[in-house]
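Visitor:
Protein chains in written order, with this note's numbering: chain A, 140 to 265; chain B, 635 to 774.
(1) Residue 708 of chain B versus chain A: which residues are under 9 Å apart at the beta carbon?
(2) Does any residue of chain B have a CB that is nearer than 8 Å to the CB of residue 248 of chain A?
(3) Taking CB distances under 8 Å as the criterion, tell me whether residue 263 of chain A reaches chain B.
(4) Using a C-beta cutoff of 8 Å, does residue 675 of chain B count as contacting chain A?
(5) Considering only the beta carbon of each residue, do residue 701 of chain B and residue 683 of chain B sit closer than 8 Å?
(6) Comparing alpha-carbon positions, which option in B:716, B:663, B:651 lies nearest residue 736 of chain B?
(7) Please go through the same chain and pick out, in chain order, the residues whose beta-carbon is closer than 6 Å to the beta-carbon of residue 714 of chain B, but skip the five residues on each side of it.
(8) Find out if the Cβ-Cβ distance for the pair residue 254 of chain A, residue 170 of chain A is shorter than 8 Å.
(9) Under a Cβ-count criterion, where at least 16 other Cβ atoms within 10 Å of its own Cβ denotes burial, should residue 186 of chain A be classed as buried or exposed?
(10) Consider the Cβ of residue 162 of chain A: report whether some Cβ of chain B lies at a distance smaller than 8 Å.
(11) With a threshold of 6 Å on Cβ separation, who are the neighbours of residue 676 of chain B within its own chain once the five nearest residues in sequence on each side are excluded?
(12) Tell me where the beta strand (DSSP E) around residue 214 of chain A begins and ends.
(13) Name the chain B residues whose beta carbon is nearer than 9 Å to that of residue 150 of chain A?
(14) Going by C-alpha to C-alpha distance, which of A:241, A:259, A:265, A:144 sits closest to residue 156 of chain A?
(15) What in chain A is Cβ-close to residue 684 of chain B, meaning under 7 Å?
(16) Step through the CB atoms of chain A and report whether any lies within less than 8 Å of the CB of residue 693 of chain B.
(17) Determine the contact status of residue 647 of chain B and residue 661 of chain B, defining contact as a CB-CB distance below 8 Å.
(18) Looking only at C-alpha atoms, which of A:231, A:143, A:213, A:154 sits nearest to residue 219 of chain A?
(19) Taking C-beta pairs closer than 8 Å, name the residues in chain B that residue 225 of chain A reaches, listed in chain order.
(20) Note down, in chain order, every chain A residue with its Cβ under 8 Å from the Cβ of residue 769 of chain B.
(21) Does the Cβ-Cβ distance between residue 191 of chain A and residue 150 of chain A come in under 8 Å?
(22) For a cutoff of 8 Å on Cβ pairs, would you count residue 188 of chain A as touching chain B?
(23) Tell me which residues share the same chain as residue 640 of chain B and place their Cβ nearer than 6 Å to its Cβ, disregarding the 5 neighbours each side in the sequence.
(24) Which residues, in order along the stretch 232-244 of chain A, keep a beta-carbon less than 8 Å from a beta-carbon of chain B?
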């Protein structure tokens, strides 16, 4: 059996993609922190990754199936404390989420790097 | 990967907060301005922010949310009339009109605006380091 790169990488490229897109949405929240009536959004990344994971597992059974696509919906945030101007962004909480998301991105990147160096080691036969 | 869109978002936030700081600076500079009539008195100006959603096809429905300054409005709070007959600008009744700027409000606004600006700067820095990490993928 040959080395299949997409099988070796598993869910991590999708996780990376999802974290970039989530950081875009969170950056939008942070940019609109003072816009009246702005509704903060976020991605339900657990369910999105679960969908990708299950379709990746289904794909292992049937040969020649195409790569699953990343599908998610953006949801609106429920604020801890509603503000008078109708804006649902809470600066501190949003900044914490943004920082956490950046750390998750680094984690996914590290996983991918480990997979790649593992494959490179296998190819070199060391 | 949509990193460029994030730079647009952070850039729009910085631009909007800069406009806000501009209005604060002009309001504070004119806080003690005197005028000879009620109509000519300085009135505080405030920017109005609005969200602009970028193209819809990415990010599942609504796209990237940038911020834009929809316009600058004048405060309709009453200007302050004071009886100062010695003032060279006084009208026939000896009244002058001071601006309606509330300096405490303006200082609070200034702090909020600079905090928003700093947030956008740190978003940019963090996105930059994420992108650099991605560029080095597979090198280690």
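Glycine included, every Cβ here is placed at the ideal spot set by N, Cα and C.
Guide: The structure says:
(1) For the C-beta of residue 708 of chain B, not a single chain A residue is nearer than 9 Å; the gap to the nearest is close to 17 Å.
(2) By this cut-off, residue 248 of chain A is an interface position.
(3) At a cut-off of 8 Å between C-beta atoms, residue 263 of chain A does not count as an interface residue with respect to chain B.
(4) Look at residue 675 of chain B: its C-beta is not under 8 Å from any C-beta on chain A.
(5) In this structure, residue 683 of chain B lies closer than 8 Å to residue 701 of chain B by Cβ.
(6) Comparing alpha carbon positions, the residue from B:716, B:663, B:651 closest to residue 736 of chain B is B:663.
(7) Cβ contact annotation for residue 714 of chain B (same chain, cutoff 6 Å, sequence separation greater than five): 732, in chain order.
(8) Not closer than 8 Å, so no.
(9) By the neighbour-count rule (16 or more Cβ atoms within 10 Å), residue 186 of chain A is not buried but exposed.
(10) Judged by the 8 Å Cβ criterion, residue 162 of chain A is in contact with chain B.
(11) Apart from the 5 residues on each side of it in sequence, residue 676 of chain B sits with its Cβ closer than 6 Å to the Cβ of 664, 667, 733 in its chain, given in chain order.
(12) Boundaries of the beta strand (DSSP E) harbouring residue 214 of chain A: 213-215, taken from the DSSP string.
(13) Those within 9 Å of residue 150 of chain A in chain B number zero; the least Cβ separation is about 16 Å.
(14) The option with the nearest alpha carbon to residue 156 of chain A is A:241.
(15) 174, listed in chain order.
(16) Note that residue 693 of chain B scores a pLDDT of 46, beneath 50, so its modelled location is shaky and nothing firm can be said.
(17) Going by C-beta atoms, residue 647 of chain B is not nearer than 8 Å to residue 661 of chain B.
(18) With distances taken between Cα atoms, residue 219 of chain A lies closest to A:231.
(19) Here the premise fails: no neighbours, minimum Cβ distance about 12 Å.
(20) Residues of chain A whose Cβ lies closer than 8 Å to the Cβ of residue 769 of chain B do not exist, since the nearest Cβ in that chain is about 10 Å away.
(21) Yes, these two residues count as a Cβ contact at 8 Å.
(22) Any Cβ of chain B closer than 8 Å to the Cβ of residue 188 of chain A would place that residue at the interface, and such an atom is absent.
(23) A distance below 6 Å between beta-carbons, with the five flanking residues on each side excluded, links residue 640 of chain B to the following residues of its chain, in chain order: 761.
(24) Within the stretch 232-244 of chain A, the residues whose Cβ lies closer than 8 Å to some Cβ of chain B are 234, 237, 238, 241, 244, listed in chain order.
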